[in-house]
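**Q**
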Amino acid sequence: MTDPHSTTPLPSLFTLHPRMVEVVVALELAQQDMLNVLDAIPVSQRDAMPARGGWTITAIVEHLAIIEDGAGRLLSNLIKQVKDTPETETDAIEPTLEHFQLWNPTRRIEAPDFVRPKGELSFDDALARQSLARARMIGALSQASGCALGTVTYPHPVLGPLTGYQWALVTAQHQRRHLLQIAAVSSSLSS
Numbered sequence: 316m317t318d319p320h321s322t323t324p325l326p327s328l329f330t331l332h333p334r335m336v337e338v339v340v341a342l343e344l345a346q347q348d349m350l351n352v353l354d355a356i357p358v359s360q361r362d363a364m365p366a367r368g369g370w371t372i373t374a375i376v377e378h379l380a381i382i383e384d385g386a387g388r389l390l391s392n393l394i395k396q397v398k399d400t401p402e403t404e405t406d407a408i409e410p411t412l413e414h415f416q417l418w419n420p421t422r423r424i425e426a427p428d429f430v431r432p433k434g435e436l437s438f439d440d441a442l443a444r445q446s447l448a449r450a451r452m453i454g455a456l457s458q459a460s461g462c463a464l465g466t467v468t469y470p471h472p473v474l475g476p477l478t479g480y481q482w483a484l485v486t487a488q489h490q491r492r493h494l495l496q497i498a499a500v501s502s503s504l505s506s
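The opening position of the sequence shown corresponds to residue 316 in my numbering, with each subsequent residue numbered one higher.
(1) Roughly how many angstroms lie between the CA atoms of Ala443 and Val500, to the nearest whole one?
(2) Can you tell me whether DSSP reads Leu477 as helix, strand or coil?
(3) Report the residue ranges of all alpha helix (DSSP H) runs contained in full by the stretch 436 to 485; include only those spanning at least 4 residues, in chain order.
(4) Give a yes or no on contact between the stretch 445 to 463 and the stretch 394 to 406, applying the rule of three or more CB pairs nearer than 8 Å.
(5) Suppose contacts are defined by Cβ-Cβ distances below 7 Å. Is Gln488 in contact with Leu393 by that definition?
(6) With a threshold of 8 Å, are at least 3 pairs of Cβ atoms found where one atom belongs to the stretch 373 to 389 and the other to the stretch 427 to 444?
(7) Just checking my contact of Ile356 with Ile372 at CB under 8 Å: how many whole Å lie between their CB atoms?
(8) Provide the residue(s) that pair with Pro401 in DSSP beta bridges, ordered along the chain.
(9) In the structure shown, what three-state DSSP assignment does Arg431 receive?
(10) Please report the straight-line C-alpha distance between Pro420 and Gly385, rounded to a whole angstrom.
(11) In angstroms, rounded to a whole number, what distance separates the CA positions of Ser505 and Leu447?
(12) Please go through the same chain and pick out, in chain order, the residues whose beta-carbon is closer than 8 Å to the beta-carbon of Gln397, but skip the five residues on each side of it.
(13) With distances taken from CA atoms, which of Thr411, Met349, Ser457 is nearest Val485?
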């Protein structure tokens with residue numbers, strides 16, 4: 316799978332540790348789904364304010380770019396901590412996140428100020444930044460395949476301590492959560 320917004324080729328899943336396959340596939344599929352959703356949205360809706368308030372579609376994409384950049388830097392630091400520690404586990408990671416119910420759009424999660432969109436980017440610039448940050452994240456994770464990312468943690472501001480693998484999956488789940496928001500904003504603007 317290739318990302319049309321990236322110049323970095325995505326890794327072959329055949330060379331990755333099973334846990335990293337789970338993470339990379341989740342990130343790639345969430346990204347592709349977002350690009351498909353955004354491609355279907357009329358340009359006129361990108362910067363239109365939703366009637367009920369909230370973020371524009373451009374602002375949501377900018378927020379995702381901020382999250383991706385921060386999560387990527389965090390994951391790079393966690394990877395450095397375990398670069399010499401081999402992975403010995405193969406259990407799936409996603410079930411460890413079920414109790415957070417990130418998939419549930421009725422669970423309101425307020426974004427901290429430091430990850431709120433500033434409204435300074437165009438839609439295209441926000442999407443380019445998000446796509447580049449995602450490609451970097453996948454590249455860093457792929458290079459760390461076989462490293463024990465389940466043995467290092469860092470606290471999430473809302474969810475508490477997460478392992479490196481969980482941070483990556485939460486990033487994909489967060490993106491999917493916002494895809495529901497993007498679809499709802501587009502639907503409200505169409506009616």
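From the three backbone atoms N, C-alpha and C, an ideal C-beta is built for every residue, glycine too.
Please read these numbers as outputs of a predicted model, since none were measured by experiment.
**A** Taking the structure as given:
(1) Your numbering for residue 443 matches position 128 in the sequence shown. Your numbering for residue 500 matches position 185 in the sequence shown. Between Ala443 and Val500, the alpha-carbon positions lie close to 21 Å from each other.
(2) The count along the sequence shown starts at 1 and reaches residue 477 at position 162. Three-state result, Leu477: strand.
(3) 438 to 458
(4) yes
(5) One-based indexing of the sequence shown puts residue 488 at position 173. One-based indexing of the sequence shown puts residue 393 at position 78. No; because the gap between Cβ atoms is not below 7 Å, this pair is not in contact.
(6) yes
(7) Residue numbering aside, residue 356 sits at position 41 when the sequence shown is read from its first letter. Residue numbering aside, residue 372 sits at position 57 when the sequence shown is read from its first letter. Yes, they are in contact, since the Cβ atoms of Ile356 and Ile372 sit about 6 Å apart, within 8 Å.
(8) Here residue 401 is taken as the residue at index 86 of the sequence shown, counted from 1. DSSP, once it has assigned bridges, lists Cys462 as partnering Pro401.
(9) The residue you call residue 431 lines up with position 116 of the sequence shown. Annotated three-state conformation of Arg431 is coil, per DSSP.
(10) Against the sequence shown, residue 420 aligns to sequence position 105. Against the sequence shown, residue 385 aligns to sequence position 70. When rounded, the distance between both Cα atoms is 23 Å.
(11) In the sequence shown, counting from the first residue as 1, residue 505 sits at position 190. In the sequence shown, counting from the first residue as 1, residue 447 sits at position 132. Roughly 30 Å between the two C-alpha positions.
(12) Along the sequence shown, read from residue 1 onward, the residue named residue 397 stands at position 82. Note on residue identity: the sequence assigns Val, not Gln, to residue 397. Ala459, Cys462, Ala463, Leu464, Thr466, Val467, Gly479.
(13) The sequence position of residue 485 within the sequence shown is 170, counting from 1. Among Thr411, Met349, Ser457, the Cα nearest to that of Val485 belongs to Thr411.
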